[in-house]
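In our numbering, the protein residues as written are 8 to 449.
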């Protein structure tokens, strides 16, 4: 999917303050002074700025040296697109002791595999043992074989990522951003629609990575564990004034603890809502009601069409929450939506559907998740492999639109433990009948 970068995604401050270098440094204009970005980087020196004119640049495996600023000339990342066309990674910053700046660019089409780059990390942007600022950029539709489809921060990288869109990227782990032994600051970013196969749809953290996430919107990302954030061996992750919503398959927050290295993600004034696997998983603790954290519908104006601004009645606006702060990267963008007709496009699930239970196989309990596109009467039954109904979890109840989670303990309607085997669960709503399989393994 191609994601649009709306004007609201970059504040006026970021558009206005994009000065990279001191007055004495050289500015290399692309393509006036050097025909390509590759040629400009080859002749640049510490302190130089590469100012890139509007256009689409079909280049890959760009390597930025210490102290360089690579900047789109207009300040609008839609105007300057670097498309790697799946020939390799878009940009690498490695082993640098002076600050690198990357501003107002779109990085897309990156592919990092052992064949294309000799690495399995970072399709769009790789920052390793380097100082870097990434501002007002779009990192979209990139892919990595293992970690960091969009961005990977590795081995002590000191990174600030501000006002960026990270969307539509793919990898096994950390489809949006992967962090290993580094602690980037992510502020006012939208991380959306990234597709991770296993761990960390939006953000993946391991080996002492302790990012700080401030004023960000993580929405519609997918991973089996931690659709929003997944972490192991990371004791001090902070998420502040942010939204983690509508993750697919996995939880909003997932931590895994090694006995000698516990992980902790502390949330402050943040909203975790509507993630298929629940708000919190693994060893993470539910922080709803603590430090101003909430778990309520954020009411995006039109999140299905990539508009993540907030409706006037959103609880994430300062006037509507106890923290008196903006949660997420974007402010108000439309009138109230919570009172409109159930069938309107108001950020609720677009269709009623039944989601695969988790964990599966399971013992002794599992969570069944389903989404309702509107308020309706719902039935949820459990059947054994012979088609006999063994448990009524929901029997004709009227439920509100949104995401619902039901726990089944592997017992029948009389409280008896059921034998190992395959079971079916069936959701019946006003206009939908859907059945899935699950396995009870003892």
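Don't be surprised by glycine CBs; every beta carbon is placed ideally from N, CA and C.
In the DSSP assignment, residue 45 falls within the alpha helix (DSSP H) that extends over 44-50. Assigned with DSSP and collapsed to three states, residue 185 falls in strand. Residue 61 is classed as exposed because its beta carbon has fewer than 16 other beta carbons within 10 Å across all chains shown. In the DSSP assignment, residue 115 falls within the beta strand (DSSP E) that extends over 113-115.
DSSP, read as helix, strand or coil, puts residue 278 in strand. For residue 304, there is no enclosing beta strand (DSSP E), as DSSP marks it with neither H nor E. With the rule of 3 Cβ pairs closer than 8 Å, the stretch 290-300 does not count as touching the stretch 310-318. For the stretch 27-108, the continuous beta strand (DSSP E) assignments of 3+ residues that do not extend past its boundaries occur at 34-37, 56-59, 62-64, 76-79, 87-90 and 98-101, in sequence order. Here the stretch 39-59 makes no contact with the stretch 113-128; the two share fewer than three CB pairs at distances below 8 Å. Under the 10 Å beta carbon count, residue 65 is surrounded by fewer than 16 other beta carbons and is classified as exposed. The beta carbon of residue 252 is closer than 6 Å to those of 226, 280, 281 and 305 in its chain, skipping five residues each way along the sequence. Relative to residue 95, the option among 126, 410, 136 and 229 whose CA is nearest is 126. Taken through DSSP and simplified to helix, strand or coil, residue 378 comes out as strand.
In summary, residue 405 is exposed, with fewer than 16 beta-carbon neighbours lying within 10 Å of its beta-carbon over all protein chains present.
Nearest C-alpha to residue 152 among 373, 93, 338 and 248: 93. Counting along the chain, residue 339 sits inside the beta strand (DSSP E) bounded by residues 339-341.
In the DSSP assignment, residue 435 falls within the beta strand (DSSP E) that extends over 428-435. In this chain, the beta strand (DSSP E) harbouring residue 245 covers 244-247. Counting along the chain, residue 178 sits inside the beta strand (DSSP E) bounded by residues 177-180.
If you check the CB distance, residue 159 and residue 128 come in under 9 Å. Residue 204 holds the alpha-carbon nearest to the alpha-carbon of residue 237 among 204, 267 and 221.
Here DSSP, grouped into helix, strand and coil, assigns residue 326 to helix.
Rounded to the nearest angstrom, the gap between the Cα atoms of residue 69 and residue 249 is 32 Å. Distances from the CA of residue 303 to each of 217, 290, 312 and 321 were compared; the closest alpha carbon is that of 321. The three-state reading of DSSP puts residue 110 in strand, counting E and B together.
Spatial neighbours of residue 429 in its own chain (CB-CB distance under 7 Å, excluding positions within 5 residues in sequence) are listed in chain order as 392, 444 and 446. Per DSSP, the continuous beta strand (DSSP E) segment holding residue 134 begins and ends at 132-135. A direct Cα-to-Cα measurement between residue 195 and residue 175 gives close to 18 Å.
Per DSSP, the beta bridge partners of residue 261 are 237 and 288. Residues of the same chain with a CB within less than 8 Å of the CB of residue 201, apart from the 5 flanking positions on each side, are 156, 157, 173, 174, 175, 176, 177, 182, 183, 208, 209, 228 and 229 in chain order. Look at residue 311 here: in three-state DSSP terms it is helix.
Boundaries of the beta strand (DSSP E) harbouring residue 174: 172-174, taken from the DSSP string. The three-state reading of DSSP puts residue 148 in coil, since its state is none of H, G, I, E or B. Excluding sequence positions up to five before and after residue 67, its CB lies within less than 6 Å of the CB of 91, 94 and 95, all in the same chain and listed in chain order. For a cut-off of 8 Å, the C-beta gap from residue 223 to residue 198 is around 6 Å, short enough to register as a contact. The beta carbon of residue 425 lies closer than 8 Å to those of 391, 397, 417, 418, 419 and 447 in the same chain, with the five residues before and after it left out.
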